[in-house]
Amino acid sequence: MSLIDVRDVWYSYGGGVMALNGVSLEITPGETIALIGQNGGGKTTLAKQFNGLLKPTRGQVLVKGVDTRNVPPNRLALTVGYVFQNPSHQIFSSKVWEEVAFGPKNAGLRPDQIEERTRWAIDAVRLSGFELTHPYDLDYGKMKLLTIASIMSMKPEVYCLDEPTTGQDHQGRRRVAELIRSLNKNGATVIAITHDMKFVAEVAKRIVLVAGGKIIADGQTRDIFEKTEILAEAQIRPPQITQLARALADHGVAPNLMTVKELADSIAGMI
Amino acid sequence: MPSDDVTVEVDGLTYSYPGHVPVLQDIKFRVLKGEMFGIIGPNGAGKSTLCKALNGLVPQFYGGTYGGTVTVAGMNTMKHTVADLSLKVGLVFQEPTNQFSGVSTRVDEEVAFGMSMMGFQREEMLRRISDALKEVGLEGLEERSPFELSGGQQQRLAIATVLAVRPEVIVMDEPTAQLDPVGKTEVLETMRALNREGYTIIVAEHEIEELATFADRIIALNEGRILFEGPTRAVLTRIEELKKIGVDPPSVTELSHVLAQRADLKPEAYPITLDEAIALYRDLLGGHAT
Numbered sequence: 001m002s003l004i005d006v007r008d009v010w011y012s013y014g015g016g017v018m019a020l021n022g023v024s025l026e027i028t029p030g031e032t033i034a035l036i037g038q039n040g041g042g043k044t045t046l047a048k049q050f051n052g053l054l055k056p057t058r059g060q061v062l063v064k065g066v067d068t069r070n071v072p073p074n075r076l077a078l079t080v081g082y083v084f085q086n087p088s089h090q091i092f093s094s095k096v097w098e099e100v101a102f103g104p105k106n107a108g109l110r111p112d113q114i115e116e117r118t119r120w121a122i123d124a125v126r127l128s129g130f131e132l133t134h135p136y137d138l139d140y141g142k143m144k145l146l147t148i149a150s151i152m153s154m155k156p157e158v159y160c161l162d163e164p165t166t167g168q169d170h171q172g173r174r175r176v177a178e179l180i181r182s183l184n185k186n187g188a189t190v191i192a193i194t195h196d197m198k199f200v201a202e203v204a205k206r207i208v209l210v211a212g213g214k215i216i217a218d219g220q221t222r223d224i225f226e227k228t229e230i231l232a233e234a235q236i237r238p239p240q241i242t243q244l245a246r247a248l249a250d251h252g253v254a255p256n257l258m259t260v261k262e263l264a265d266s267i268a269g270m271i
Numbered sequence: 272m273p274s275d276d277v278t279v280e281v282d283g284l285t286y287s288y289p290g291h292v293p294v295l296q297d298i299k300f301r302v303l304k305g306e307m308f309g310i311i312g313p314n315g316a317g318k319s320t321l322c323k324a325l326n327g328l329v330p331q332f333y334g335g336t337y338g339g340t341v342t343v344a345g346m347n348t349m350k351h352t353v354a355d356l357s358l359k360v361g362l363v364f365q366e367p368t369n370q371f372s373g374v375s376t377r378v379d380e381e382v383a384f385g386m387s388m389m390g391f392q393r394e395e396m397l398r399r400i401s402d403a404l405k406e407v408g409l410e411g412l413e414e415r416s417p418f419e420l421s422g423g424q425q426q427r428l429a430i431a432t433v434l435a436v437r438p439e440v441i442v443m444d445e446p447t448a449q450l451d452p453v454g455k456t457e458v459l460e461t462m463r464a465l466n467r468e469g470y471t472i473i474v475a476e477h478e479i480e481e482l483a484t485f486a487d488r489i490i491a492l493n494e495g496r497i498l499f500e501g502p503t504r505a506v507l508t509r510i511e512e513l514k515k516i517g518v519d520p521p522s523v524t525e526l527s528h529v530l531a532q533r534a535d536l537k538p539e540a541y542p543i544t545l546d547e548a549i550a551l552y553r554d555l556l557g558g559h560a561t
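Those sequence lines, one after another, are chains U and E.
Heads up, the first sequence is in this note's numbering, so the first residue is 1 and it goes up one at a time.
Heads up, the second sequence is in this note's numbering, so the first residue is 272 and it goes up one at a time.
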């Protein structure tokens with residue numbers, strides 16, 4: 001059974017303009033998905049349907065078979081955790097520990113469970129030592145990791161991360177990539193909204209490309225990066241390595257390579 | 272080098288915010304007129320503070336402990352007010368909306384706002400507004416609200432507000448960090464065009480693959496110090512040192528480093544742009560074309 005089933009969803013913020021124009025999408029457990037596309041195209045509006053933050057104007061979203069319209073968002077949050085793009089929209093405690101403990105506490109878990117989950121999440125994002133720090137005293141990268149930890153402590157099945165790499169430096173991006181891989185290895189489904197195609201190549205097996213309130217491409221990352229026309233139309237450039245591989249295709253290089261290692265191995269075998 | 276070609280001279284700059292440890296230590300570099308000068312380094316390396324030191328905000332607005340000298344367009348930043356300095360050096364922030372006055376309801380008013388604070392005459396202001404908006408490609412949007420613009424348009428408006436003053440140097444602190452790919456391209460193209468027109472641009476930037484295509488020289492900062500400085504190629508081919516401070520070199524440069532032995536490449540021959548890489552590898556694989 002699909003974990004999230006989006007069936008012909010239309011959505012309007014009011015005023016008649018449709019932000020989503022008939023979107024259908026199925027997400028199965030264990031997937032890593034990058035939601036890409038220019039701002040204003042509908043990525044965030046779509047992602048907010050996954051946990052009931054927004055409910056379809058028309059159509060249906062089923063999370064584990066249940067229509068999001070029939071469940072309050074705080075119940076859905078136990079299944080689908082949403083990390084906002086702007087950390088200040090999410091952070092409201094004055095200490096890192098309290099911020100991460102809030103979810104499990106609010107869900108009515110036992111004190112020892114709260115303790116255990118908070119410890120686990122803080123360690124996983126490598127914020128140990130900062131438990132008593134005020135979240136706003138953390139640098140931007142650590143603040144983003146904190147917002148992920150405060151969702152991790154709820155142990156949702158699905159993580160929805162809105163632009164986890166925006167404003168991050170390269171190290172910050174790498175930490176988020178490692179975290180996503182480890183969450184996914186432990187069974188979580190991860191959906192990340194991002195503009196960073198190098199990051200997409202590193203973490204996402206599937207790409208959903210959203211533009212004009214519609215899904216204009218949906219498939220394996222490698223395959224989508226080969227669809228040059230659709231990408232050009234959406235003004236998205238695949239990773240630099242993929243662009244190089246494609247330019248060398250007439251020399252026998254596979255045009256769908258995505259990482260330095262893949263291309264290095266390929267070329268090393270030819271020179 | 273003849274000193275009248277130098278527009279920015281930073282000499283022995285050391286700075287701490289009030290009550291903190293130094294965020295910049297013994298910074299020393301020069302920027303020549305017309306250069307596109309890049310500042311790279313991880314977050315927390317001191318890039319933003321350095322940008323603010325170039326127009327006097329550091330230390331005049333922030334206080335703290337300051338040593339060394341910063342001279343921009345012949346003005347010592349300690350001896351002139353930030354208002355005077357802003358006629359010669361414009362600062363563009365990461366978040367365009369942080370730059371907006373918040374009181375203008377139209378794009379052209381926003382550009383006028385900064386100038387009116389500086390006492391420009393109306394006729395001159397109108398001419399400069401029109402010129403500045405044209406230069407950043409926002410002509411036709413004069414009557415829009417700044418807050419209805421896309422991210423890339425907002426950042427170009429922020430650049431226009433700085434341009435209208437016709438400064439000698441434009442400093443940009445991660446101007447593309449918050450933008451989507453279309454916005455990034457718009458802003459990068461605007462930077463390129465302004466530099467071609469002769470503006471000196473100093474930019475702190477994480478988009479190394481882009482910087483590689485247009486920066487003349489780069490300094491790499493780490494923990495408040497200059498780790499190295501030089502022509503773009505010389506800096507971006509120091510793969511191991513860049514990675515050690517958490518900066519990813521361009522992917523094609525990294526690729527060449529991995530293949531260096533096999534392909535018999537010296538670092539100075541590493542490509543730093545996609546076009547260079549395509550040429551190099553087409554050549555290397557030449558005999559194998561299918």
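Don't be surprised by glycine CBs; every beta carbon is placed ideally from N, CA and C.
Predicted model, so just to flag it, every value in this text is computed and none were measured.
Is the separation between the beta-carbon of E/I497 and that of E/V302 shorter than 9 Å? Working through the second sequence from its first residue, we reach residue 497 of chain E at position 226. Working through the second sequence from its first residue, we reach residue 302 of chain E at position 31. No, the pair does not count as a contact, with Cβ atoms beyond the cut-off.
Which residue marks the beginning of the beta strand (DSSP E) containing E/D282, and which one marks its end? In the second sequence, residue 282 of chain E corresponds to position 11, counting from 1. Taken as a continuous stretch (DSSP letters only), the beta strand (DSSP E) holding E/D282 covers 277 to 287.
Contact defined as beta carbons within less than 8 Å: I believe E/S375 pairs with E/P417. What is the distance between those atoms, to the nearest angstrom? Counting from one through the second sequence, the residue named residue 375 of chain E turns up at place 104. Counting from one through the second sequence, the residue named residue 417 of chain E turns up at place 146. Between E/S375 and E/P417 a beta carbon distance of about 6 Å is seen, short of the 8 Å cut, so the two are scored as contacting.
Cross-chain neighbours of E/A534 in chain U, by beta carbon under 9 Å: The residue labelled residue 534 of chain E in the question sits at position 263 within the second sequence. What E/A534 touches in chain U: I267, A268, I271.
Reduced DSSP secondary structure (H/G/I, E/B, other) of U/T68: Taking the first residue of the first sequence as 1, we reach residue 68 of chain U at position 68. The DSSP-derived three-state label of U/T68 is helix.
Can you check whether the C-beta of U/T68 is within less than 9 Å of a C-beta belonging to chain E? For the purposes of this step, residue 68 of chain U is taken as the residue at position 68 of the first sequence. By this cut-off, U/T68 is not an interface position.
Using alpha carbons as the reference points, say which of E/G557, E/I549, E/L555, E/L507 lies closest to E/I311. Here residue 311 of chain E corresponds to residue number 40 of the second sequence, with the count starting at 1. If we check each option's Cα against that of E/I311, E/L507 comes out closest.
List in chain order: all unbroken beta strand (DSSP E) runs of 3+ residues lying wholly within the segment 325 to 353 of chain E. As far as the segment 325 to 353 of chain E is concerned, its whole beta strand (DSSP E) runs of at least 3 residues are 336 to 343.
Please decide whether E/S416 counts as near chain U, where near means a Cβ-Cβ distance under 9 Å. Translated into positions along the second sequence, residue 416 of chain E becomes position 145. With 9 Å as the cut-off, E/S416 does not count as an interface residue toward chain U.
Going by Cα to Cα distance, which pick from U/A204, U/R117, U/A177, U/P156 is closest to U/K144? On the first sequence, position 144 is the one that residue 144 of chain U refers to. Restricting attention to U/A204, U/R117, U/A177, U/P156, the CA atom closest to the CA of U/K144 is found in U/A177.
For the segment 508 to 531 of chain E, list every residue whose C-beta sits within 7 Å of some C-beta in chain U, in sequence order. If the cut-off is 7 Å between Cβ atoms, the segment 508 to 531 of chain E has G517, V518, D519, P521, S522, V523, E525, L526, V529, L530 near chain U.
So that I know if they touch, is there some Cβ in chain U lying closer than 9 Å to that of E/T456? Working through the second sequence from its first residue, we reach residue 456 of chain E at position 185. At a cut-off of 9 Å, the C-beta of E/T456 has a neighbouring C-beta in chain U.
So for E/D535, helix, strand or coil by DSSP? The residue labelled residue 535 of chain E in the question sits at position 264 within the second sequence. In this structure, E/D535 counts as coil in the three-state DSSP scheme.
Can you name the residues that DSSP bridges to U/L20? As a first step, residue 20 of chain U must be located in the first sequence, where it is residue number 20. Note: U/L20 sits in a beta bridge opposite U/Y11.
If I follow the unbroken beta strand (DSSP E) through E/D379, where does it start and stop? As a position in the second sequence, residue 379 of chain E is number 108, starting the count at 1. First-last for E/D379: 378 to 388, but that is the alpha helix (DSSP H), not the beta strand (DSSP E).
Could you check how far apart the C-beta atoms of U/D162 and U/I193 are, in whole angstroms? I think they sit under 8 Å. As a working mapping, residue 162 of chain U is identified with position 162 in the first sequence. As a working mapping, residue 193 of chain U is identified with position 193 in the first sequence. The C-beta separation of U/D162 from U/I193 comes to about 5 Å, placing the pair in contact by the 8 Å criterion.
Smallest Cα separation from E/D402: which of E/H291, E/M389, E/A431? The count along the second sequence starts at 1 and reaches residue 402 of chain E at position 131. Of the candidates E/H291, E/M389, E/A431, the one whose C-alpha sits nearest the C-alpha of E/D402 is E/A431.
Enclosing alpha helix (DSSP H) for U/N106 [first to last residue]: For the purposes of this step, residue 106 of chain U is taken as the residue at position 106 of the first sequence. From DSSP, the alpha helix (DSSP H) with U/N106 extends over 96 to 106.
List, in chain order, every chain U residue whose beta-carbon is nearer than 7 Å to that of E/V453. Translated into the one-based positions of the second sequence, residue 453 of chain E becomes position 182. Here the neighbours are Q38, Q235.
Beta-carbon separation (whole angstroms), E/L362 vs E/C322, contact threshold 8 Å: One-based indexing of the second sequence puts residue 362 of chain E at position 91. One-based indexing of the second sequence puts residue 322 of chain E at position 51. Beta-carbon to beta-carbon, E/L362 and E/C322 are separated by about 6 Å, close enough to satisfy the 8 Å threshold.
Helix, strand or coil for U/D162? Go by DSSP, reduced to three states. Taking the first residue of the first sequence as position 1, residue 162 of chain U is located at position 162. Judged by DSSP in its simplified three-state form, U/D162 adopts strand.
Is there a Cβ from chain U that is less than 9 Å from the Cβ of E/I549? Taking the first residue of the second sequence as position 1, residue 549 of chain E is located at position 278. True, the Cβ-Cβ gap to chain U drops below 9 Å.
Contact set between E/R496 and chain U, taken where Cβ atoms lie within less than 8 Å: Stepping through the second sequence from its first residue, residue 496 of chain E is reached at position 225. Contact of E/R496 with chain U by beta-carbon distance below 8 Å is absent, the smallest such distance being about 17 Å.
Out of U/S150, U/T133, U/Q113, U/L109, which has the shortest C-alpha to C-alpha gap to U/A124? Here residue 124 of chain U is taken as the residue at index 124 of the first sequence, counted from 1. Looking at the Cα atoms, U/S150 is the closest of the given residues.
Output the boundary residues of the beta strand (DSSP E) element that contains E/Q392. Translated into the one-based positions of the second sequence, residue 392 of chain E becomes position 121. For E/Q392, no beta strand (DSSP E) run applies, since DSSP gives it neither H nor E.
Does the segment 192 to 211 of chain U come within contact of the segment 456 to 473 of chain E, defined as at least 3 CB pairs closer than 8 Å? Contact between the segment 192 to 211 of chain U and the segment 456 to 473 of chain E is absent: fewer than three C-beta pairs spanning the two stretches fall below 8 Å.
Straight-line CA distance for E/T278 to E/N466? As a position in the second sequence, residue 278 of chain E is number 7, starting the count at 1. As a position in the second sequence, residue 466 of chain E is number 195, starting the count at 1. Rounded to whole angstroms, E/T278 to E/N466 spans 14 Å at the Cα level.
Look up U/N256 in the DSSP assignment and say whether it is helix, strand or coil. What you label residue 256 of chain U is simply residue 256 of the first sequence in a count that begins at 1. U/N256 falls in the coil class under three-state DSSP.
Does E/L459 come within less than 9 Å of chain U when only Cβ atoms are used? Numbered from 1 along the second sequence, position 188 holds the residue referred to as residue 459 of chain E. It does not; no Cβ of chain U falls within 9 Å.
Please confirm whether E/N493 has its beta-carbon closer than 9 Å to some beta-carbon of chain U. Start at 1 with the first residue of the second sequence, and residue 493 of chain E comes out as number 222. Not one beta carbon of chain U lies nearer than 9 Å to the beta carbon of E/N493.
Could you name each continuous beta strand (DSSP E) segment of 3 residues or more that falls completely within the segment 210 to 268 of chain U, going from the start of the chain to the end? Taking 3 residues as the minimum length, the beta strand (DSSP E) runs contained wholly in the segment 210 to 268 of chain U are 214 to 220, in order along the chain.
Per the contact definition of three or more C-beta pairs closer than 8 Å, is the segment 358 to 372 of chain E in contact with the segment 436 to 449 of chain E? With a cut-off of 8 Å, the segment 358 to 372 of chain E and the segment 436 to 449 of chain E count as touching, because enough Cβ pairs lie within range.
Nearest to E/G408 by alpha carbon, out of E/V436, E/A383, E/V378? The residue you call residue 408 of chain E lines up with position 137 of the second sequence. Minimum Cα-Cα distance from E/G408 among the listed residues E/V436, E/A383, E/V378 corresponds to E/V378.
Taking the alpha carbon of U/G212 as the point to measure from, which residue in U/V23, U/R206, U/L127, U/D8 has its own alpha carbon closest? Against the first sequence, residue 212 of chain U aligns to sequence position 212. Checking every option, the nearest Cα to that of U/G212 belongs to U/V23.
Along the segment 127 to 156 of chain U, where does the CB come closer than 7 Å to a CB of chain E? Name the residues. So the close ones are D139, Y140, G141.
Which word fits U/I271, buried or exposed, when buried means at least 16 other C-beta atoms lie within 10 angstroms of its C-beta? The sequence position of residue 271 of chain U within the first sequence is 271, counting from 1. Exposed: under 16 other Cβ atoms inside 10 Å.
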